[in-house]
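Number of protein chains: 2
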Amino acid sequence: MSTIAFRPRSRSYQGWPGYRLLVRDPLRLDCGIDFGPFTIAFQTYGALNAEHSNAILICHALTGDQYAADPHPITGKPGWWQTLIGPGGVLDTERYFLICANVLGGCMGTTGPQDLNPATGEPWALSFPVITVRDMVRAQKRLIEHLGIDSLFCVIGGSMGGMQVLQWAASYPECVFSAVPIAAAARHSAQNIAFHEVGRQAIMADPDWCGGRYLTLGRKPARGLSVARMAAHITYLSEAALHRKFGRNLQDRHAVTYGFDADFQVESYLRHQGSTFVDRFDANSYLYITRAMDYFDLAAEHEGSLHQALSGTRSRFCVISFTSDWLFPTAESRQLVHALNAVAANVSFVEIATENGHDAFLLHEPELFETLRGFLAGCGEHRGLGR
Amino acid sequence: MSTIAFRPRSRSYQGWPGYRLLVRDPLRLDCGIDFGPFTIAFQTYGALNAEHSNAILICHALTGDQYAADPHPITGKPGWWQTLIGPGGVLDTERYFLICANVLGGCMGTTGPQDLNPATGEPWALSFPVITVRDMVRAQKRLIEHLGIDSLFCVIGGSMGGMQVLQWAASYPECVFSAVPIAAAARHSAQNIAFHEVGRQAIMADPDWCGGRYLTLGRKPARGLSVARMAAHITYLSEAALHRKFGRNLQDRHAVTYGFDADFQVESYLRHQGSTFVDRFDANSYLYITRAMDYFDLAAEHEGSLHQALSGTRSRFCVISFTSDWLFPTAESRQLVHALNAVAANVSFVEIATENGHDAFLLHEPELFETLRGFLAGCGEHRGLGR
């Protein structure tokens, strides 16, 4: 593994923990462009066994990154799957070799629109090619090859991470021993595209976005990105969770103020979500990654047939949804399961009862943990990893 | 009825059809301010009978106005309840005298933040007092008194209009013979407050908002208001309706463009909703009216007891909800019905099966029409209006 010195103008990755792989051979993207060289930033946990048979690829969601089980280098917060990962954990670092890479188009070290276009010496901004979930997975494939892994024991992820899991199973069926798409779908719905479009319009409406050239101009569309995050954040929670957490409780006051301050706790919470997000995320990356999700439609690559897309699969699937997830509702997972059944795939399907909405995949959900633990143990036995 | 010449700096109401009532006696608002004189802009349809017993007050929603059955003076589109109103219609102009007034804080002729503050000669902007749904209803009460109506045959409205209906029943029980709250709730939920806050932040993030002083400065926060409208509009539809209408259909193209144009029809539709809205609506009005909805909590006025709030009611209620409305779900209407039952009110409750989401109250919904027709006929008999 090679660590590459890479100095973008705007975001200093210097001092951030983790590996950088410079991929020299260009990648043929869905848009037709041959892209590269490019960098993949990734983390690993645990050790690869002698047979190279215990590797699990963890795929992150829209605003996630490779720091699944490390403190985030900007916020200092624990890794987003810290609760799952560790010695003896559900993703047991004493048994498995875990890999988590920042997606192509991301902003945590893997090449994205905030990085310098070598042809111009300026940040790519909107000249960065529009990438797809399949492109993200193509880049990950290069990483896996570099690490000497022919077949992943498991590919796992929630939300956009789950889309990548499905894409892996469809694109590289021989490389995926087991697959766990959580709170995901085989295609992005009209409502989800609509919410993404609101977020993009909020960013683009910010005069500090400057047609995407804000880095070159020393500006930052913080207000637009914050509004985008606020709108999206509502969709990650359930109505019931919002009601339970906040209801109509007031924020540090006994009565409404008859003004536009954050009278209600839920307003204060949302504003906080918006304002902290802009410290760690790049606005153009947000545009590119939401677009990749919108474009995701696994069946479309196979003339509209989802079971055709999955016909070559040999993976063992564990499809997981959450009752209160209205962004990727259970019905979407069920469609996926139907398609997997139609190709006689090995699939189990668990709908977990929770009030935590879409974000449940990031939270302490005992039933999720038990489901994953059991599924991985069973697959491990078949893989010769023991229980 | 007096028509008042009133010339705000920014929005010309000249030539707009309808009545203007100048209310000279100030109104004591919930925030404690005595507000006035102020203007109420309203429309009427049909004729008041000799007994003054056939008046129906129609209450409009957040972005509605008094033009319930006239072409909109800005957009030229038919009135928002045109399908219900007319000779022989559900709201039969041959039987009833219909009144629809623009709410206090609105932007279609009733005094709102875009009008001139007589004390300064400048538009009120954020010096306009924060108003509540109860304040809107207080203003309407003045109008009803002016029209010589002691008791309304019916108060009817959807969404925020339904909130006004409930406030009427609670504040002036002796004046409301029957009440029809549609797709409404006795209080605004945390999720709904959250969506409103996103809209307000989008407006306030627009540099052209200028701390609310955009009219004085000759500017307009069109981009922020457009984003607010886009986000809100998604909540008015159901996921099923979005899927049926748009799915993942592309807009005038055969393949995705790998860019940020509106590739999908749903994006194009949303952008259109946003951009046309800014032509007809004032951004500060949007802030004030969303705030009024957020503050709405009928029980809070009565120490948290909803049935206490409604204990004085003598009205016949018809509570209506829609199965696919996730903004004001049926559970909210059910809570209201429980409270009405607890005070032995005369209440019928209809949940209408539709895919049209919250916006169903504005659409051609045969079951809604039949329900209203039957309810009004029954009430009319009790009121001595005949069937």
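These protein sequence lines map, in sequence, to chains B and R.
So that you can map any letter, position 33 of the first sequence is 33 in my numbering, and since no number is skipped, the others follow by simple counting.
So that you can map any letter, position 188 of the second sequence is 575 in my numbering, and since no number is skipped, the others follow by simple counting.
Glycine included, every Cβ here is placed at the ideal spot set by N, Cα and C.
Secondary structure at R600(R): coil, using DSSP grouped into helix, strand and coil. A residue is called buried when at least 16 other Cβ atoms come within 10 angstroms of its Cβ; P221(B) meets this threshold and is buried. Of all alpha-carbon atoms in F328(B), W16(B), P87(B), A255(B), the one lying nearest the alpha-carbon of G109(B) is that of W16(B). Taking all protein chains in view, the Cβ of S708(R) is crowded by 16 or more other Cβ atoms within 10 Å, so the residue is classified as buried. Around the Cβ of D282(B), a 10 Å sphere holds 16 or more other Cβ atoms; the residue is buried. DSSP places P568(R) in the uninterrupted beta strand (DSSP E) bounded by 565-569.
L513(R) sits in a helix when the DSSP states are folded into three classes. By DSSP's assignment, A41(B) forms a beta bridge with R20(B). For A557(R), the enclosing alpha helix (DSSP H) has its first and last residue at 547-558. Taking 7 angstroms as the CB threshold, I203(B) stays off the interface with chain R. Annotated three-state conformation of A205(B) is helix, per DSSP. At a cut-off of 7 angstroms, the C-beta of C418(R) has a neighbouring C-beta in chain B.
Ranked by how close their Cα comes to the Cα of Q401(R), the residues E509(R), A428(R), L513(R) have A428(R) in first place. Per DSSP, the unbroken alpha helix (DSSP H) holding E145(B) starts and ends at 133-146. A distance of 7 angstroms or more separates the beta carbons of C154(B) and I85(B). In the structure shown, A488(R) falls within a strand segment according to DSSP collapsed to helix, strand and coil. By the neighbour-count criterion, in which 16 or more other beta carbons inside 10 Å mark a residue as buried, T75(B) falls on the exposed side.
C487(R) is the residue among E509(R), S735(R), C487(R), L714(R) whose C-alpha sits nearest the C-alpha of A526(R). Judged by DSSP secondary structure, S613(R) falls outside any beta strand (DSSP E) and instead within the alpha helix (DSSP H) spanning 609-623. Listed by position along chain B, the residues whose Cβ is nearer than 8 angstroms to that of E654(R) are I193, A194, E197. The beta carbon of I676(R) sits no closer than 7 angstroms to any beta carbon of chain B.
In chain order, T75 place their CB closer than 8 angstroms to the CB of T276(B), counting only its own chain and leaving out the 5 sequence neighbours on each side. Looking at the DSSP output, C705(R) shares a beta bridge with S735(R). Three or more pairs of CB atoms, one per stretch, sit closer than 8 angstroms, so the segment 330-341 of chain B contacts the segment 182-199 of chain B. For L444(R), no alpha helix (DSSP H) encloses it; the enclosing beta strand (DSSP E) starts and ends at 442-446. Residue C418(R) holds the alpha-carbon nearest to the alpha-carbon of R521(R) among G499(R), I739(R), C418(R), L759(R). DSSP lists L57(B), A179(B) as the beta-bridge partner residues of V155(B). For P594(R), the nearest beta carbon of chain B is closer than 7 angstroms to its own beta carbon. Approximately 16 angstroms separates the beta-carbon atoms of N743(R) and E757(R); this is outside 8 angstroms, ruling out the contact. The shortest CA-to-CA distance from L435(R) to any of L485(R), L755(R), P424(R), L553(R) is the one to L485(R). Distance from the CA atom of A577(R) to the CA atom of H272(B), rounded to whole angstroms, is 16 angstroms. For Q501(R), no alpha helix (DSSP H) segment is defined, and its DSSP state is neither H nor E.
Using a 10 angstroms sphere on the CB of N102(B), the tally of other CB atoms reaches 16 or more, which defines it as buried. Listed along chain R, the residues sitting closer than 9 angstroms to D294(B) by beta-carbon distance are R635, V643, D650, F651, E654. For D746(R), the three-state secondary structure derived from DSSP is helix. R223, G224, S226, V227: these are the residues of the segment 210-228 of chain B whose beta carbon lies less than 8 angstroms from some beta carbon of chain R, given in chain order.
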